[in-house]
Amino acid sequence: MKEIILIKTGEIALKGLNKSTFEDVLVKNTKWRLHELGKFKFHKAQSTIYCEPQSDDIDMDEACRRVAKVFGIAAFSLARVAEKDFDDIVKETLDFLGEELEFAKTFKVEAKRADKNFPMKSPEICRELGGKILEKYHHLKVDVDNPEVLVMVEVREKSAYIHGKQKPGAGGIPIGTSGKAAILISGGIDSPVAGYMMAKRGIELCGVHFVSPPYTSDRALQKVVSLMEKMGEYCGRMKLFVVPFTKIQEEIRDKCPEDLFTIIMRRFMMRISQKIARRNDCGALITGESVGQVASQTMKAIACTDIVCDLPVFRPVIGMDKREIITIAHEIDTFETSILPYEDCCTVFTPKHPRTRPKLDQVEAAEAALDLDELIREAIDGIELIEIKR
Ligand code: ATP
Ligand code: MG
Numbered sequence: 269m270k271e272i273i274l275i276k277t278g279e280i281a282l283k284g285l286n287k288s289t290f291e292d293v294l295v296k297n298t299k300w301r302l303h304e305l306g307k308f309k310f311h312k313a314q315s316t317i318y319c320e321p322q323s324d325d326i327d328m329d330e331a332c333r334r335v336a337k338v339f340g341i342a343a344f345s346l347a348r349v350a351e352k353d354f355d356d357i358v359k360e361t362l363d364f365l366g367e368e369l370e371f372a373k374t375f376k377v378e379a380k381r382a383d384k385n386f387p388m389k390s391p392e393i394c395r396e397l398g399g400k401i402l403e404k405y406h407h408l409k410v411d412v413d414n415p416e417v418l419v420m421v422e423v424r425e426k427s428a429y430i431h432g433k434q435k436p437g438a439g440g441i442p443i444g445t446s447g448k449a450a451i452l453i454s455g456g457i458d459s460p461v462a463g464y465m466m467a468k469r470g471i472e473l474c475g476v477h478f479v480s481p482p483y484t485s486d487r488a489l490q491k492v493v494s495l496m497e498k499m500g501e502y503c504g505r506m507k508l509f510v511v512p513f514t515k516i517q518e519e520i521r522d523k524c525p526e527d528l529f530t531i532i533m534r535r536f537m538m539r540i541s542q543k544i545a546r547r548n549d550c551g552a553l554i555t556g557e558s559v560g561q562v563a564s565q566t567m568k569a570i571a572c573t574d575i576v577c578d579l580p581v582f583r584p585v586i587g588m589d590k591r592e593i594i595t596i597a598h599e600i601d602t603f604e605t606s607i608l609p610y611e612d613c614c615t616v617f618t619p620k621h622p623r624t625r626p627k628l629d630q631v632e633a634a635e636a637a638l639d640l641d642e643l644i645r646e647a648i649d650g651i652e653l654i655e656i657k658r
């Protein structure tokens with residue numbers, strides 16, 4: 269008994285990209301996601317990637333769960349391998365899909381015969397195999413339009429493959445094919461979703477997180493690490509740069525007008541993140557901002573923060589409602605962690621009445637009271653690097 273995973277990449281995603289590079293990256297990413305489970309061999313043929321376990325003790329259900337989270341995969345199925353012999357196809361079909369067939373009312377057989385040397389044509393395979401299934405399961409009826417169980421037989425070059433309905437993949441394009449970007453990640457709901465959305469567009473991520481001990485706790489940092497571990501199921505391997513932000517926040521509090529605190533703090537975040545991004549070959553920054561959500565996310569405030577940055581800033585959730593963002597947070601299983609009640613540095617020293625329409629000249633005048641370069645240098649020197657496990 270042997271099972272493999274058949275992966276479909278989806279033609280749309282292939283159009284704009286070099287197909288073979290795209291597939292090579294996809295294979296590399298999938299291999300990495302599966303490596304803890306055991307060794308797999310991959311090969312490509314006829315717009316399918318075959319993912320074949322190299323030992324019998326590999327947990328193929330877990331492998332499927334992982335494959336379902338690899339960007340660039342449009343659909344996949346766990347398939348039973350049979351010899352290219354009709355009797356063996358029948359035997360393996362009944363063994364592999366027997367339980368599903370037993371509890372279903374309707375089914376349908378579909379066959380694809382890529383190997384034209386196989387003596388039976390596709391309609392004949394369907395008819396004969398359908399007959400064998402009905403012989404064993406008298407209660408079943410054939411339903412060609414909307415069957416409960418689809419029995420798919422693909423006769424290919426080396427073997428025949430039997431599987432049920434394909435499962436939808438994570439979609440998107442393979443991570444790494446669109447370059448790298450730095451996600452400014454807080455412990456909130458929005459930024460993990462923003463990171464996930466850009467990773468889905470093929471961007472490899474690294475994280476930047478600002479901490480303000482003793483105002484923020486170690487548990488708040490651990491929360492961000494946990495969030496990134498969850499994101500890692502989709503986003504793959506990531507580094508997290510933890511930036512000490514206490515001194516900068518205290519300086520702003522002591523030397524700048526209270527109502528500009530938030531905007532000046534955010535400008536520091538962008539400047540520091542950009543430096544980290546450049547050092548790590550990132551071509552963009554990503555944030556979880558959404559227009560109008562809080563005072564620092566008005567158009568004027570965003571203009572004031574963008575101006576300190578030369579790199580493009582991606583804000584994939586900019587036009588989304590909180591409810592829409594939360595739906596995705598549930599899908600990627602970050603929501604429950606995000607709502608744990610630990611302080612973020614953004615909520616430390618927040619003014620009672622932050623300016624929602626800051627004026628750039630006033631912001632710049634206020635910043636003149638600070639030694640920007642020195643503060644940024646110190647923060648960067650104090651960075652702690654965490655490798656996110658996955
Ligand atoms: P989130 O849910 O992502 O925390 P939010 O709605 O709470 O977002 P803010 O706290 O204003 O909004 O933060 C806006 C964005 O700034 C975040 O989405 C994130 O990209 C970035 N950010 C906020 N706090 C931090 C932090 N401590 N470290 C790194 N980035 C941060
Ligand atoms: Mg937040």
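Reminder that position 63 of the sequence shown reads as 331 in our numbering, one-by-one numbering, no gaps. Heads up, the beta-carbon is just placed ideally off N, CA and C, and yes, glycines get one too. Please read these numbers as outputs of a predicted model, since none were measured by experiment.
For this session: Identify the continuous alpha helix (DSSP H) that holds proline 391 and give its terminal residues.
Result: 390-404
For this session: Within its chain, find whatever has a CB closer than 7 Å to the CB of glutamate 320; leave out the 5 residues flanking it on each side and keep chain order.
Result: Ile272, Phe308, Lys309
For this session: Determine contact between the segment 447-460 and the segment 298-305, defined as no fewer than three beta-carbon pairs at a distance below 8 Å.
Result: no
Exercise. Under the criterion of a Cβ to heavy atom distance below 6 Å, does glutamine 561 qualify as lining the ligand ATP?
Worked result: yes
Problem set entry | Short Cβ contact (7 Å threshold) for leucine 294 with proline 442 | yes
Problem set entry | Nearest-angstrom Cα separation, counted from leucine 628 out to glutamate 642 | 22 Å
Problem set entry | Closest Cα partner of glycine 556 within the set Tyr318, Glu351, Tyr464 | Tyr464
Problem set entry | Any non-hydrogen atom of the ligand ATP closer than 6 Å to glycine 366 Cβ | no
Exercise. Straight-line CA distance for arginine 424 to lysine 400?
Worked result: 21 Å
Exercise. Can you tell which of Leu528, Gln314, His311 has the C-alpha that lies nearest to the C-alpha of valine 631?
Worked result: Leu528
Problem set entry | Neighbourhood of aspartate 325 by C-beta, 8 Å cutoff - its chain only, sequence neighbours within 5 removed | Gly306
Exercise. DSSP three-state call for serine 315: helix, strand or coil?
Worked result: coil
Problem set entry | Simplified DSSP assignment, three categories, for glycine 504 | coil
Problem set entry | Contact set for glutamate 655: own chain, Cβ-Cβ below 7 Å, skip 5 residues either direction | Lys507
Exercise. For threonine 602 versus proline 460, is the C-beta distance shorter than 7 Å?
Worked result: yes
Exercise. Touching or not, the segment 491-511 and the segment 616-624, by the rule of three or more beta carbon pairs under 8 Å?
Worked result: no
For this session: State yes or no: is the C-beta of aspartate 574 nearer than 6 Å to some heavy atom of the ligand ATP?
Result: no
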